[in-house]
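S.K.:
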Amino acid sequence: MNSFTFYSPTKVIFGKDAELNAAKEIKEFGGTKVIIVYGGGSVVRSGLLERITKQLDDEGIPYTTLGGVKPNPRLSLAREGVKQAIENGVDFVLAVGGGSVIDTAKAIAHGTANPEIDIWSFWTREAVLEKSLPVGVVLTLSAAGSETSNSAVITNDETHNKRGLATDFNRPRFALMNPELTYSLPKYQIMCGIVDIMMHTMDRYFTSDLGNELTDEIAESLLRVMIKNGPVALENPRDYHAMSEIMWCGSLSHNGLTGLGGKQDFATHALGHELSGKFDVAHGASLSTMWGSWARYCFPQNPERFAQFGRKVWGITEGSIEEIGRAAIDRTVEFFASVGAPTSFTELGIGVQPEEVIQEMSDRCVFYGKRTVGTFKALNRDDVYQIYTMANK
Ligand code: NZQ
Ligand code: ZN
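119 is the number that numbering that gives the first Met the number 0 gives to position 120 of the sequence shown; each next residue is one higher, with no gaps.
(1) Report the rounded CA-to-CA distance for residue 249 versus residue 255, giving the unit in angstroms.
(2) Cα-Cα, which of 298, 348, 188 is closest to residue 329?
(3) Take residue 353 as the anchor and find which of 321, 110, 390 has the nearest alpha-carbon.
(4) Using a threshold of 7 Å, state whether the C-beta atoms of residue 338 and residue 209 are closer than that.
(5) Could you check whether residue 135 and residue 173 sit closer than 7 Å to each other, using their CB atoms as the reference points?
(6) Could you compute how far the alpha carbon of residue 156 sits from the alpha carbon of residue 74?
(7) Applying the 10 Å Cβ sphere with the 16-neighbour rule, what's the burial state of residue 306?
(8) Using a Cβ distance threshold of 8 Å, determine whether the stretch 33–49 contacts the stretch 62–78, with at least three qualifying pairs required.
(9) Identify, in the order they occur along the chain, each residue of the same chain with its Cβ nearer than 7 Å to the Cβ of residue 345, setting aside the five sequence neighbours on each side.
(10) Pick out whichever of 178, 122, 360, 240 has its Cα sitting closest to the Cα of residue 11.
(11) Exposed or buried, which one is residue 240 when buried takes at least 16 other CB atoms within 10 Å?
(12) Could you tell me the alpha carbon to alpha carbon distance between residue 151 and residue 145, rounded to whole angstroms?
(13) I'd like the list of long-range same chain contacts for residue 349, defined as Cβ closer than 6 Å, with 5 residues on each side in sequence excluded.
(14) Determine the DSSP secondary structure at residue 338, reduced to helix, strand or coil.
(15) By how many angstroms is the C-alpha of residue 19 removed from the C-alpha of residue 50?
(16) My output table needs one value for residue 210: the three-state DSSP class, helix, strand or coil.
(17) Of all Cβ atoms in chain C, is any one closer than 7 Å to the Cβ of residue 88?
(18) Beta carbon of residue 131, beta carbon of residue 108: below 7 Å?
(19) If we count Cβ pairs, one from each stretch, closer than 8 Å, do we get three or more for the stretch 370–379 versus the stretch 313–329?
(20) Measuring only the C-alpha atoms, how far is residue 2 from residue 374?
(21) The ligand ZN heavy atoms versus the CB of residue 208: any closer than 6 Å?
(22) Could you tell me which of 90, 309, 28, 56 sits nearest to residue 323, measuring between CA atoms?
(23) Could you tell me if residue 194 is buried or exposed, where buried requires 16 or more neighbouring beta carbons within 10 angstroms of its beta carbon?
(24) Buried or exposed, going by whether 16 or more other CB atoms sit within 10 Å of the CB of residue 138?
(25) Please list, in chain order, all residues of the same chain as residue 32 whose beta carbon is under 6 Å from its beta carbon, the five residues on each side excluded.
(26) Classify residue 62 as helix, strand or coil using the three-state DSSP reduction.
(27) Do you know offhand how far residue 55's Cα is from residue 4's?
(28) Helix, strand or coil for residue 277, going by three-state DSSP, please let me know.
(29) Measure the alpha-carbon distance for residue 99 versus residue 147 and round it to whole angstroms.
(30) What would DSSP say about residue 344, mapped onto helix, strand or coil?
(31) Measure from the alpha carbon of residue 287 to the alpha carbon of each residue in 343, 382, 184, 265, then state which is nearest.
(32) By Cβ distance, which residues of its chain are closer than 7 Å to residue 302, with the 5 residues on each side in sequence left out?
(33) CB residue 171 to CB residue 331, shorter than 7 Å?
(34) Assuming residue 106 contacts residue 77 under a Cβ cut-off of 8 Å, what Cβ separation, rounded to an integer in Å, is found between them?
(35) Using C-beta distances below 6 Å, list every residue in its chain close to residue 265, excluding the 5 sequence neighbours before and after it, in chain order.
(36) To the nearest angstrom, report how far apart residue 85 and residue 211 are at their CA atoms.
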């Protein structure tokens, strides 16, 4: 068994009415002046925002609000949030929404605690984050796993660079998770969430560093639970059981548990981020677009790993290692298609791209030759180019 560090300090309160603990938890974690961050309006329309502000009013906790976070959250709004938080003397950031809102909240927390540093320099690694403010989450979308993750992904709207920052300062203090809050999701977002949750697991499962049996079993069972409950949720978004299972899978898929002891791969995420940065497509959709091409390209690296995935996740028993492994890729791509997830550029809605765009995305994905992508197979620029070309249909 490989050694590992497991650090997942977020307090999770899960179930009906979980959001009613917001004021109590903010106080418990030392918040005395709050900035509440939210998105384009779903939490206003559902009345959730009002349920949160009422608690703060009742408890006498002052707050300011910042709405307007867009999917693929923009650096410019996070910078505005930092300014607003500093002006208001904020010491706690509350995110009410999905991954984009949570990641913006994390960026605001970092910027407010470090007023002399422009936040983007944490994402470009020019500055090292050494302190931040506490962040709490009221989750409305099961997908990104940001409510327990150590990651925050921001898009620089001047350069169209979408970058992730991994640090334990990104771990929220608490996450309030009521599956009923996800009933109002459009089916497209449920689909994107299903893909993203599966991909957080698969981008860890396909690793070059094998040997942690329990980690594999947890990842495989999480994937089976998603494959079972995803279609149920799409059929009936008010199915409490299915929405609960998906919500909990979302958090466990990205708090580190499903990859302990292995080197994370995250190549599909890196490939997808270029698509979202350039075309502003939904994160989950960018992942289903890229995974099949990644898997087929990387299959020779370790056919047995794909065969294990086929046996344990898809229940495929007949055939050679090669046959089971390849069938597992086909089954996964078919599953994505069955839940309405795109598996090519055309299905993603961006059409077949000219050669120069594929070249440009390949350059950007490997940071112009400064890095390789992934660990299952360390992809160089040519590998990335081949994979984009396979998906470009
Ligand atoms: O803005 P509003 O009006 O709230 O609408 C949102 C948004 O349009 C809507 N929505 C959210 N909850 C809803 C709802 N609509 C109705 N009812 C509800 N209950 O859903 C839309 C998408 O929201 P968004 O937050 O963008 O989605 P998601 O949670 O999938 O987050 C995606 C972002 O997270 C990043 C992605 O790259 C992307 O930028 N990720 C963050 C990660 C992390 N921090 O650990 C890891 C992930 O791999 C991912 O990269
Ligand atoms: Zn993701």
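No residue lacks a Cβ here, since even glycine has one placed at the ideal position from N, Cα and C.
M.R.: In brief:
(1) The residue given as residue 249 occupies position 250 in the sequence shown. The residue given as residue 255 occupies position 256 in the sequence shown. Those two C-alpha atoms are separated by around 11 Å.
(2) The count along the sequence shown starts at 1 and reaches residue 329 at position 330. Each of 298, 348, 188 was checked against the Cα of residue 329, and the nearest Cα belongs to 298.
(3) As a position in the sequence shown, residue 353 is number 354, starting the count at 1. Nearest option by C-alpha distance: 390.
(4) As a working note, residue 338 is residue 339 in the sequence shown. As a working note, residue 209 is residue 210 in the sequence shown. The answer is no: Cβ separation not under 7 Å.
(5) Counting from one through the sequence shown, the residue named residue 173 turns up at place 174. Counting from one through the sequence shown, the residue named residue 135 turns up at place 136. Their beta carbons are under 7 Å apart, which means residue 173 touches residue 135 by this criterion.
(6) For this step, residue 156 is matched to residue 157 along the sequence shown. For this step, residue 74 is matched to residue 75 along the sequence shown. Cα to Cα, the separation comes out at about 6 Å.
(7) Along the sequence shown, read from residue 1 onward, the residue named residue 306 stands at position 307. It is buried - the Cβ of residue 306 has at least 16 other Cβ atoms within 10 Å.
(8) yes
(9) Within the sequence shown, residue 345 is the residue found at index 346, counting from 1. The residues are 351, 392.
(10) As a first step, residue 11 is located in the sequence shown; it is residue number 12 there, counting from the start. Out of 178, 122, 360, 240, 178 has the C-alpha closest to the C-alpha of residue 11.
(11) On the sequence shown, residue 240 is found 241 positions in, with the first residue counted as 1. So residue 240 ends up on the exposed side.
(12) Residue numbering aside, residue 151 sits at position 152 when the sequence shown is read from its first letter. Residue numbering aside, residue 145 sits at position 146 when the sequence shown is read from its first letter. For residue 151 and residue 145, the distance between alpha carbons rounds to 7 Å.
(13) For the purposes of this step, residue 349 is taken as the residue at position 350 of the sequence shown. Close CB contacts of residue 349 within its chain, under the 6 Å cut and outside five residues either way in sequence, are with 278 (chain order).
(14) Start at 1 with the first residue of the sequence shown, and residue 338 comes out as number 339. The answer is coil: DSSP assigns residue 338 none of H, G, I, E or B.
(15) Your numbering for residue 50 matches position 51 in the sequence shown. Your numbering for residue 19 matches position 20 in the sequence shown. Going from the Cα of residue 50 to the Cα of residue 19 covers about 8 Å.
(16) In the sequence shown, counting from the first residue as 1, residue 210 sits at position 211. In this structure, residue 210 counts as coil in the three-state DSSP scheme.
(17) Of the chains in the structure shown, none is chain C; there is only one protein chain.
(18) In the sequence shown, counting from the first residue as 1, residue 131 sits at position 132. In the sequence shown, counting from the first residue as 1, residue 108 sits at position 109. It is a contact, given that the beta carbons lie within the stated cut-off.
(19) no
(20) What you label residue 2 is simply residue 3 of the sequence shown in a count that begins at 1. What you label residue 374 is simply residue 375 of the sequence shown in a count that begins at 1. Cα to Cα, residue 2 sits roughly 17 Å from residue 374.
(21) Your numbering for residue 208 matches position 209 in the sequence shown. It does not: the Cβ of residue 208 is nowhere closer than 6 Å to a heavy atom of the ligand ZN.
(22) As a working note, residue 323 is residue 324 in the sequence shown. Here the closest residue by C-alpha is 309.
(23) Position 195 of the sequence shown, counted from the first residue, corresponds to residue 194. Result: buried.
(24) Along the sequence shown, one-based indexing puts residue 138 at 139. Buried.
(25) Taking the sequence shown and counting its residues from 1, the one referred to as residue 32 is at position 33. Cβ within range, chain order: 61, 88, 89, 90.
(26) For this step, residue 62 is matched to residue 63 along the sequence shown. If DSSP states are grouped into helix, strand and coil, residue 62 belongs with the strands.
(27) Taking the sequence shown and counting its residues from 1, one reaches residue 55 at position 56. Taking the sequence shown and counting its residues from 1, one reaches residue 4 at position 5. Between residue 55 and residue 4, the C-alpha separation is close to 36 Å.
(28) The residue labelled residue 277 in the question sits at position 278 within the sequence shown. In this structure, residue 277 counts as helix in the three-state DSSP scheme.
(29) As a working note, residue 99 is residue 100 in the sequence shown. As a working note, residue 147 is residue 148 in the sequence shown. Cα to Cα, the separation comes out at about 14 Å.
(30) In the sequence shown, residue 344 corresponds to position 345, counting from 1. Residue 344 falls in the helix class under three-state DSSP.
(31) Numbered from 1 along the sequence shown, position 288 holds the residue referred to as residue 287. It is 343.
(32) Within the sequence shown, residue 302 is the residue found at index 303, counting from 1. Cβ neighbours of residue 302 beyond the five flanking positions: 320, 321, 324.
(33) Here residue 171 refers to the residue found at position 172 of the sequence shown. Here residue 331 refers to the residue found at position 332 of the sequence shown. Their beta carbons are not under 7 Å apart, which means residue 171 does not touch residue 331 by this criterion.
(34) In the sequence shown, counting from the first residue as 1, residue 106 sits at position 107. In the sequence shown, counting from the first residue as 1, residue 77 sits at position 78. That belief holds up - the Cβ atoms of residue 106 and residue 77 are roughly 4 Å apart, short of 8 Å.
(35) As a position in the sequence shown, residue 265 is number 266, starting the count at 1. Contacts found: 202.
(36) The count along the sequence shown starts at 1 and reaches residue 85 at position 86. The count along the sequence shown starts at 1 and reaches residue 211 at position 212. Distance from the CA of residue 85 to the CA of residue 211, rounded to the nearest whole angstrom, comes to 45 Å.
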